[in-house]
Amino acid sequence: MTTSDKTAPPRRRSRGVPPQRRGGSRRRASSGRGKRTRGRTVLVVALSLLVLGTAGLGWLYLRLNGNINTFAADGLSGDRPEAGSSKGENVLVIGSDARVGGNDALGGGSKDDIGRSDTAFLLHVYADHRHALAVSIPRDTLVTIPPCKLPNGSWTEAQPNTMFNAAYSVGSTAAGNPACSQNTVEHLTGLRVDHTVVVDFKGFAALTDVVGGVPVCVPQDIYQKDLNPNRATRGSLLFSKGERTVAGQQALDWVRIRHGIGDGSDIGRIKRQQAFVASLIKKVKADGFTPTKLLPLADAATKSLTVDPGLGSADKLLSFAMSLKNIDLHNTKFVTVPWRYQGARVAVVEPDASELWAALRADRTIDGKDAGGDKGKAGASASPDTGRSDLGKGIDVSVYNGTTTPGLATRGASVLTGSGFTVTDTGNAGSQNHASTLIQYGPGQQAEAETVAKLFPGAELQALTGPGINVVLGEDFTATADGASAEPTSMPTSVAAEARSADDDLCSNLSYG
Numbered sequence: 205m206t207t208s209d210k211t212a213p214p215r216r217r218s219r220g221v222p223p224q225r226r227g228g229s230r231r232r233a234s235s236g237r238g239k240r241t242r243g244r245t246v247l248v249v250a251l252s253l254l255v256l257g258t259a260g261l262g263w264l265y266l267r268l269n270g271n272i273n274t275f276a277a278d279g280l281s282g283d284r285p286e287a288g289s290s291k292g293e294n295v296l297v298i299g300s301d302a303r304v305g306g307n308d309a310l311g312g313g314s315k316d317d318i319g320r321s322d323t324a325f326l327l328h329v330y331a332d333h334r335h336a337l338a339v340s341i342p343r344d345t346l347v348t349i350p351p352c353k354l355p356n357g358s359w360t361e362a363q364p365n366t367m368f369n370a371a372y373s374v375g376s377t378a379a380g381n382p383a384c385s386q387n388t389v390e391h392l393t394g395l396r397v398d399h400t401v402v403v404d405f406k407g408f409a410a411l412t413d414v415v416g417g418v419p420v421c422v423p424q425d426i427y428q429k430d431l432n433p434n435r436a437t438r439g440s441l442l443f444s445k446g447e448r449t450v451a452g453q454q455a456l457d458w459v460r461i462r463h464g465i466g467d468g469s470d471i472g473r474i475k476r477q478q479a480f481v482a483s484l485i486k487k488v489k490a491d492g493f494t495p496t497k498l499l500p501l502a503d504a505a506t507k508s509l510t511v512d513p514g515l516g517s518a519d520k521l522l523s524f525a526m527s528l529k530n531i532d533l534h535n536t537k538f539v540t541v542p543w544r545y546q547g548a549r550v551a552v553v554e555p556d557a558s559e560l561w562a563a564l565r566a567d568r569t570i571d572g573k574d575a576g577g578d579k580g581k582a583g584a585s586a587s588p589d590t591g592r593s594d595l596g597k598g599i600d601v602s603v604y605n606g607t608t609t610p611g612l613a614t615r616g617a618s619v620l621t622g623s624g625f626t627v628t629d630t631g632n633a634g635s636q637n638h639a640s641t642l643i644q645y646g647p648g649q650q651a652e653a654e655t656v657a658k659l660f661p662g663a664e665l666q667a668l669t670g671p672g673i674n675v676v677l678g679e680d681f682t683a684t685a686d687g688a689s690a691e692p693t694s695m696p697t698s699v700a701a702e703a704r705s706a707d708d709d710l711c712s713n714l715s716y717g
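Heads up: the sequence shown is residues 205 to 717, going by the working numbering.
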């Protein structure tokens with residue numbers, strides 16, 4: 205990994221305009237992949253915080269305050285989306301398989317192994333505090349990991365075309381690098397991550413024990429080899445087909461299983477993890493919020509947490525938890541970032557992903573409703589008013605951010621897709637000093653470029669020698685990027701169709717592939 209001797213996050217380097225599609229070989233996971241296939245149902249942490257919020261602050265504070273660990277904020281990027289750019293709150297929840305603190309006994313691996321994460325959710329809590337959406341990011345998703353801080357104080361160079369879960373391992377420490385994961389999610393989504401929460405093996409197992417187990421639905425008999433594909437024999441039966449209740453080590457084994465169901469993909473495992481979290485939420489709500497049940501759950505949750513400084517005390521954690529208590533089961537949704545296979549890895553699908561992030565920024569629910577509440581009233585408005593929703597039908601466009609304003613390409617993509625254009629790529633331009641928007645076009649595409657220009661008044665047109673149409677957004681676009689024209693009226697169809705509600709049937713949609 206190339207490092208820099210700077211002590212502050214460097215700006216992304218210029219790569220020329222227009223950006224070139226990156227090819228080359230894909231990065232492979234390091235050895236011992238079987239031992240590190242550790243899917244975690246990490247949204248359970250957010251649930252636990254919800255539970256804490258139903259009790260009085262006084263009797264919990266002293267006991268819980270000493271349990272909470274924080275990670276240093278100096279590893280967060282200086283090039284972040286602005287605070288308040290999203291109407292709701294965004295919380296990154298990471299599952300860690302660190303081998304320290306007794307976690308090696310539950311998850312395998314050696315005590316001197318580095319911290320890794322295979323599961324992550326971006327939890328969007330809508331401003332009305334009655335809706336929530338958890339977006340799973342597959343660990344194999346190819347992303348750009350932006351500059352991240354190393355233990356020696358230097359910063360890495362950006363790492364394009366790299367698996368998402370590699371961000372947590374930057375620096376190769378036993379505790380992992382949650383700040384780098386947060387930087388990566390902000391770079392991917394253009395959304396400000398307000399808080400980051402990490403939960404480990406022991407914490408997950410303890411939480412499921414404390415609630416008395418979680419009901420799950422097993423679509424087929426599961427054996428030891430399904431959990432550990434490196435075994436020479438099938439081994440013993442771990443889970444027999446049907447509905448059952450799991451807790452502790454057994455619950456951990458269930459959410460880690462990948463190879464024994466469906467096509468053995470991480471996508472399928474994510475679907476089962478989402479069903480597990482939904483079942484857990486139902487269980488806790490059904491049990492009620494009595495002090496006898498709350499204190500052990502709160503104690504187990506906080507002992508397993510590593511959080512950003514913004515949640516680093518019991519009163520801050522409880523204040524956040526109080527904001528979640530009115531979200532009901534049906535309005536708690538689970539989706540996966542729009543994806544497709546790219547060889548053995550996962551690629552983000554555009555323009556669907558950009559539309560998803562823009563909808564969350566505008567606090568639009570799965571069915572297109574404005575859930576901005578009082579906070580969102582000033583910014584809520586209609587979709588782009590171009591006069592024609594099919595203006596760009598049949599025209600492919602790539603959108604690049606030519607400024608230092610984070611998330612601008614995502615918003616520009618939303619303007620285009622709202623008028624029928626197909627956005628094939630988004631990202632940063634080679635330089636971020638464009639005062640005005642530039643529309644570049646290949647031979648024979650001037651007429652199409654002029655159609656694109658209708659959405660960007662004052663944009664300059666530039667002919668290219670190669671094919672394609674690029675929109676390089678300048679500072680002139682930032683003035684309108686926060687307006688109504690950049691926000692969609694609903695989630696993309698591909699996202700809405702795959703959404704799971706917390707009140708869905710336990711056995712539905714469990715086997716992918």
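Built from N, CA and C at the ideal position, the CB exists for glycine as well.
Rounded to the nearest whole angstrom, the C-alpha separation of Asp317 and Ser281 is 26 Å. Comparing alpha-carbon positions, the option among Thr400, Asp404 and Thr449 lying closest to Gly416 turns out to be Thr449.
The three-state reading of DSSP puts Ala613 in helix, counting H, G and I together.
By the neighbour-count criterion, in which 16 or more other beta carbons inside 10 Å mark a residue as buried, Thr437 falls on the exposed side.
Its chain contains Ser527 and Asn530 as the residues whose beta carbon lies nearer than 6 Å to that of His333, once the 5 sequence neighbours on both sides are disregarded; these appear in chain order.
Per the coordinates, the alpha-carbon of Gly648 lies some 12 Å from the alpha-carbon of Glu654. In this structure, the straight-line span from the alpha carbon of Thr393 to that of Phe368 is close to 13 Å. Along the stretch 603-673, the beta strand (DSSP E) occurs as fully enclosed runs of 3 or more residues at 626-632, 642-645 and 664-667, listed in sequence order. If one requires a minimum length of 3 residues, the beta strand (DSSP E) runs lying completely within the stretch 385-433 are 399-403 and 418-422, in chain order. The C-beta separation of Val552 from Thr345 comes to about 6 Å, placing the pair in contact by the 8 Å criterion.
Counting the other CB atoms within 10 Å of its CB gives Arg435 a total below 16, which places it among the exposed residues. Here Gly577 has Ala331 and Asp332 as same chain residues with Cβ atoms under 6 Å from its own Cβ, once five neighbours each way along the sequence are excluded.
Within the DSSP secondary-structure output, Thr274 pairs in a beta bridge with Val511. Here Ile341 has Ala324, Phe368 and Val541 as same chain residues with Cβ atoms under 6 Å from its own Cβ, once five neighbours each way along the sequence are excluded. Counting the other CB atoms within 10 Å of its CB gives Cys711 a total below 16, which places it among the exposed residues. Sequence-distant Cβ neighbours of Thr569 in its own chain, meaning closer than 6 Å and more than five residues away, are His335 and Ala575. DSSP lists Leu327 and Phe538 as the bridge partner or partners of Ala338. Ile474 is the residue among Pro610, Arg462 and Ile474 whose C-alpha sits nearest the C-alpha of Trp543. When secondary structure is reduced to three states using DSSP, Glu447 falls in the strand class. Ala277 is positioned such that its CB atom lies closer than 8 Å to that of Asp512. Ranked by Cα distance from Lys406, the first of Asp491, Ala703 and Gln453 is Gln453. Apart from the 5 residues on each side of it in sequence, Thr388 sits with its Cβ closer than 7 Å to the Cβ of Val347, Ile349, Pro350, Phe368 and Ala371 in its chain, given in chain order. Taken in chain order, the unbroken stretches of beta strand (DSSP E) that lie wholly in the stretch 343-391 and span 3 residues or more are 346-349 and 363-367.
With respect to the 8 Å criterion, Leu431 and Ile461 are classified as neighbours on the basis of their beta carbons. Under the DSSP assignment, Gly299 falls in the beta strand (DSSP E) whose first and last residues are Glu293 to Ser300. The distance from the Cβ of Asp398 to that of Glu293 is about 5 Å, consistent with a contact at the 8 Å cut-off.
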